[in-house]
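Protein chains in written order, with the numbering used here: chain A, 7 to 520; chain B, 7 to 520. C-beta atoms are modelled at their ideal positions from N, C-alpha and C, and glycine is treated no differently.
2 protein chains.
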Amino acid sequence: MTDASPAARTRKGGRTARRVARQAAPAPEQSPISPGLQGGLYRPLSDSEVQSIHHAALELLETVGLSGAPQSGVDLLTAKGCTYEDGRLRFPPSLVEDTLAIANRTPVLCGRDPKNDLDLSGTRVHFGTAGAAVHMVEVDGKTYRDSTLQDLHDAARLCEALENIHFVQRPMVARDVHDNLEMDLNTVYACCAGTHKHIGTSFTEPHHVAPALEMLHMIAGGEDAWRDRPFVSNTNCFVVPPMRFATEACEVMEECIRGGMPVLLLSAGMAGATAPSTIAGAIVQSVAECLAGLVYVNALRPGHPAVFGTWPFGLDLRTGAMTGGSGEQALLTAGCAQMHRFYDLPGGAAAGISDSKLPDMQAGWEQMCSNVMAGLSGLNMVYEAAGMHASLLGFCHESLILGNDMLGQVQRCVRGIEVNDETLSVKEIADVCLSGTGHYLGTEQTLARMQKDFVYPTLGSRSSPKEWEEKGKQELLPKARALKEELLAKRSPARFPADLDAQLRAKFNIHLPQ
Amino acid sequence: MTDASPAARTRKGGRTARRVARQAAPAPEQSPISPGLQGGLYRPLSDSEVQSIHHAALELLETVGLSGAPQSGVDLLTAKGCTYEDGRLRFPPSLVEDTLAIANRTPVLCGRDPKNDLDLSGTRVHFGTAGAAVHMVEVDGKTYRDSTLQDLHDAARLCEALENIHFVQRPMVARDVHDNLEMDLNTVYACCAGTHKHIGTSFTEPHHVAPALEMLHMIAGGEDAWRDRPFVSNTNCFVVPPMRFATEACEVMEECIRGGMPVLLLSAGMAGATAPSTIAGAIVQSVAECLAGLVYVNALRPGHPAVFGTWPFGLDLRTGAMTGGSGEQALLTAGCAQMHRFYDLPGGAAAGISDSKLPDMQAGWEQMCSNVMAGLSGLNMVYEAAGMHASLLGFCHESLILGNDMLGQVQRCVRGIEVNDETLSVKEIADVCLSGTGHYLGTEQTLARMQKDFVYPTLGSRSSPKEWEEKGKQELLPKARALKEELLAKRSPARFPADLDAQLRAKFNIHLPQ
């Protein structure tokens, strides 16, 4: 080995350049990860198992059907070919197949800023919040308290700043707004004022939709602008499993569809309580229910954007309590994602739920397990991906921030392994070994790959024990707490212009301070 | 709905039975998980990508080859058809293919108790410890201190009691035993005295192997008994990547093979330093090196049990420090597992490494990420699966105990989704919906599945916030600490009979107290 060898020259000459490059943050186009990476390499079900689940769902729709539809739904669906007797709508397989042929396969969920648009085609994966937690988890005192509108707004603001949270479905309930209509309207306001990313909400009553649309038209700059780029979708818990339409939620859904709002068809059975205890059975029922919902949506407005929301949850059968941090939950979600791919429909399910009360090691392993399996299985919309504790009862801002770090690693896994002549590195290995430098630290490839192939943690620590001790053994939660305070100290860039805000406040009783 | 309906009768009549069943621990044959579950449904590489990696490895072996072989290896391998010039052994593809034809595909790694035997055929997955940590992590004071022989013995004892730790490869170095020979011998003693599970160790010098074998013959009850069921394997870091045999480690390996000890062919390149920075390139080099090792082993003793140990590690290219908690690491390991399956060889790699200094949320997500991806990809031997912190520098007993919980959920994921007429539950769904009970809590299936389908955490909490508060907001680490103290308060059942122990202590300088 001599300094004159090409590799040695590269190494010495490149040292300053490397140091500079190492300190620079990657340009966006250089970032190793982005929203909408394609998953799908993990397939928990064989092709024939997928077929079995599909045919079981069709059989259930034809022979058991769903009760509980509002009269409007009965009228709509019998006109399309459903039968209706003993209070149940039954769906002939041909109607389901016809619906699958016309359903929207490539919806885009818009952000208020188009750079945040979510393309739900194929196996593109997006992570975001969701849920209806009733508590905020305060990590300092380890306390659970009622969640508020300000908490919700702050969550949206944090999500705006966290690059691995791709959408903001309302994760918690504003319990300090007691009137249901005002809660629904303030939820929309607080989320929109916090983020330009796509927002999800869930209206409690059909007559809440019209005023909410009025607010959204104002924010969008008119009804046409809203209908052109609807940046809020509605979560419709359109069924009360097993196999029963939620009458009022169906009416809400009809209103949303008429108003041009994308819908999430959410079937949230609990395996062992409101769905079969087997993973396969819970998926079958959830698929059947969402197929019924899809027929409903497309009967009302063919091609309306709808997310196929098979969200079966796990249950701890010892206690009968919901649980979301288990391996069973991860399998439920991944299996559903594979069914979405079979139908080639935009799909969503729940992952990232922790049963732990705090952002501790249990929370870490639970949140990673279902998130990474959801991502690898190509789930389009991974709901509840960060911040969720106590089996969905509690939401935690610090955990959301840490979840952003975690989801960065998840997305790196989804991006997968690139294999081509360059990455196989045969020539590079030969050069390094035969030229005598014997290592890769100085190669052009290593430098070039440093920013575009590797995901670095923001808060996660990679220091040595010695460095860690020297820096005061800094722990994870105080770091998250500090970042939270830093992010929330700034005024939200998503806040509305003063004149619009004044109009909104004149029209609606906005509880969030100006 | 009337009480006379079959489902209602089942529910009421079954309440007491259910309560009893819920309280009983599952019988072993009822357990939902077990060592050796079959993975392999996650395939990060396409078939053609696998072929590309294989052919790149063959090309490297033929054109670059490996330097550093001891004279014994040069003699052995040139006699088999390798060329030897410029200090490098080069391997013709035909020799590699011939080796693949005769290599042992179905080794069993024995436990001292046969119930702990590990069948490494196909995609069977096993989790265990490994590494060479130099620190113990004390969770109470958050301190890192030198690891000792007692720590190692205690780790083995804990593993003996933890059902989801399937083998005990020495995870840390006994730094209080200063003589290298005595350290190697005491490591074997301390591990064997702590567990009946399969043990892995790593001898530092060739002449340490003979006395260690003498000790193992005594423990086994003679050389024949040892050779019949060798319950200790040796980790051979037989290469110093890139593409260089570790001379002395090869000599250790030769001694182990002659002594009937299974070997782990460990290639631990660091992607970006001693291996290419690309995931594909690091896998290529690791596969090439392990193929060279496999030729070596089979040249010396055809069919000798050898684990194909492609262990590429990640590197933080900003600092040049090793990192093991990243998505890149999980992909490196899963990609290697898929290469093992392509060769149909028993394989092992590293997963479960945390870069965090403590068993915190970061540790949880990092350990889960690579472990679950390793399991789903069908890795036979998942090394470093629990307890490892600070990028392998620190081992933590409490984390090991919590890792057991985590690995239970990982194994549930590996077990996957069972799809058959019963689990699809069409009849059950129809019964529940049409009979009018409307839920599954009382069904025979739910009761039957409760123990055999669901994995429950030991220390992980699933209680509601209210219950959690009422029980004093118990945290995870103190619970792990308490379980550790309970487990270590008992005398190890793996301790040797008094007469054998006296013989061992007469023959060897055993540092572990009696």
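List the residues that DSSP assigns as beta-bridge partners of F314/B.
Partner residues in the beta bridge of F314/B, as assigned by DSSP, are L271/B, G353/B.
Please classify L95/A: is it buried, with 16 or more other beta-carbons within 10 angstroms of its beta-carbon, or exposed?
By the neighbour-count criterion, in which a residue is buried when 16 or more other Cβ atoms sit within 10 angstroms of its Cβ, L95/A is buried.
Kindly indicate the opening and closing residues of the alpha helix (DSSP H) around G287/B.
G287/B -> alpha helix (DSSP H) spans 285–306.
Beta-carbon neighbours of F319/B, restricted to chain A and to distances below 9 Å
Within 9 Å of the CB of F319/B, no CB atom of chain A is found; the nearest one sits about 13 Å away.
Check D322/A in the structure and name its three-state DSSP category.
DSSP places D322/A within a strand segment (E or B) once states are collapsed to three.
Between which two residues does the alpha helix (DSSP H) harbouring G381/A extend?
367–382 is the extent of the alpha helix (DSSP H) around G381/A.
Chain-ordered residues of the stretch 133–156 of chain A with a beta carbon less than 9 Å from chain B:
Answer set for the stretch 133–156 of chain A: H141, V143, K148, T149, Y150.
Between R347/A and chain B, is the shortest Cβ-Cβ distance under 8 Å, so that the two count as touching?
At a cut-off of 8 Å between beta-carbon atoms, R347/A makes no contact with chain B.
Report the residues of the stretch 224–247 of chain A with a CB closer than 7 Å to any CB of chain B, ordered along the chain.
Those residues of the stretch 224–247 of chain A that come within reach of chain B (Cβ to Cβ, closer than 7 Å) do not exist; the list is empty.
So which residues of chain A does A380/B contact, with C-beta pairs closer than 8 Å?
Those do not exist, as A380/B stays about 12 Å from chain A at its closest Cβ, beyond 8 Å.
List the whole-angstrom C-beta distance separating V70/B from A436/A, where the pair is believed to meet the contact cut-off of C-beta under 8 Å.
By a beta-carbon distance limit of 8 Å, V70/B contacts A436/A. Their separation comes to about 5 Å.
Alpha carbon to alpha carbon, how far is M345/A from V56/A?
Roughly 7 Å between the two C-alpha positions.
Evaluate the contact criterion for the stretch 278–290 of chain B versus the stretch 228–239 of chain B: three or more CB pairs, one atom per stretch, below 8 Å.
Touching, no, given that fewer than three Cβ pairs across the two stretches are closer than 8 Å.
Against chain A, which members of the stretch 68–79 of chain B pass a CB distance test of less than 9 Å?
Flagged, chain order: T69, V70, G71, L72, S73.
I want to see whether chain C comes within less than 8 Å of S283/A, judged by CB atoms only; does it?
Absent from the structure is chain C; the protein chains it does hold are A and B.
In the DSSP output, which residue or residues are listed as bridge partners for S73/B?
In DSSP, S73/B forms a bridge with R94/B, R250/B.
According to DSSP, is Y195/B helix, strand or coil?
When DSSP states are grouped into helix, strand and coil, Y195/B belongs to the helix group.
Starting from R233/A and walking both ways along the alpha helix (DSSP H), at which residues does that stretch end?
First-last of the alpha helix (DSSP H) with R233/A: 229–234.
Buried or exposed: N186/A, going by 16 or more other Cβ atoms within 10 Å of its Cβ?
Its Cβ having fewer than 16 others within 10 Å, N186/A is exposed.
Reducing DSSP to helix, strand and coil, say where V153/B ends up.
According to the sequence provided, residue 153/B is Ser. The question's Val does not apply to it. Three-state result, S153/B: coil.
Alpha-carbon spacing of A508/A relative to K121/A, whole angstroms:
Cα-Cα distance, rounded: 27 Å.
Who are the neighbours of K363/A on chain B, taking C-beta pairs under 7 Å?
Contact annotation for K363/A against chain B: S467, P471, W474 [CB-CB distance below 7 Å, chain order].
Excluding the 5 residues preceding and the 5 following S127/B in the sequence, name in chain order all residues of the same chain whose CB lies nearer than 7 Å to its CB.
Closer than 7 Å at the Cβ level, and outside the excluded window around S127/B, lie R111, T112.
Helix or strand or just coil, what does DSSP make of D125/A?
Strand.
Could you tell me which of P471/B, Q44/B, P463/B sits nearest to D322/A, measuring between CA atoms?
For D322/A, the closest alpha carbon among the candidates P471/B, Q44/B, P463/B is that of P463/B.
Buried or exposed (CB count within 10 angstroms, at least 16 for buried), Q368/B:
Buried.
Using beta carbons (cut-off 8 Å, strictly below), is L447/A in contact with chain B?
Answer yes: the Cβ-Cβ gap between L447/A and chain B drops below 8 Å somewhere.
Can at least three beta-carbon pairs, one atom from the stretch 494–508 of chain A and one from the stretch 376–385 of chain B, be found at a separation below 8 Å?
Flag = no, the stretch 494–508 of chain A and the stretch 376–385 of chain B do not touch.
Using a Cβ-Cβ cut-off of 7 Å (strictly less than) and excluding sequence neighbours within five positions of L399/B, which residues of its own chain qualify?
Closer than 7 Å at the Cβ level, and outside the excluded window around L399/B, lie A139, V140, H141.
Straight-line Cα distance separating V301/A from P352/A
Each residue's Cα considered, the two are about 15 Å apart.
Whose Cβ in chain A lies nearer than 7 Å to the Cβ of K490/B?
Neighbours of K490/B across chain A, judged by C-beta separation under 7 Å, do not exist; the nearest C-beta is about 15 Å away.
Using a cut-off of 7 Å between C-beta atoms, extract the partners of C439/B located in chain A.
Chain A residues near C439/B: V70, P248, M249.
Comparing C-alpha positions only, which one of P308/B, I289/B, L306/B, A305/B sits nearest to F546/B?
Since the first and last residues shown for chain B are 7 and 520, residue 546/B lies out of range.
Express the C-alpha separation of H204/A and R118/A in angstroms, rounding to a whole number.
Looking at the backbone, the Cα of R118/A and that of H204/A are separated by about 7 Å.
By Cβ distance below 7 Å, which residues in the same chain neighbour H172/B in space, the five residues on each side in sequence not counted?
These residues qualify, in order along the chain: P41, L124, H132, F133, G134, K203.
How would you list, in chain order, the residues of chain A whose beta-carbon sits under 9 Å from the beta-carbon of G442/B?
Simply none; closest approach about 10 Å.
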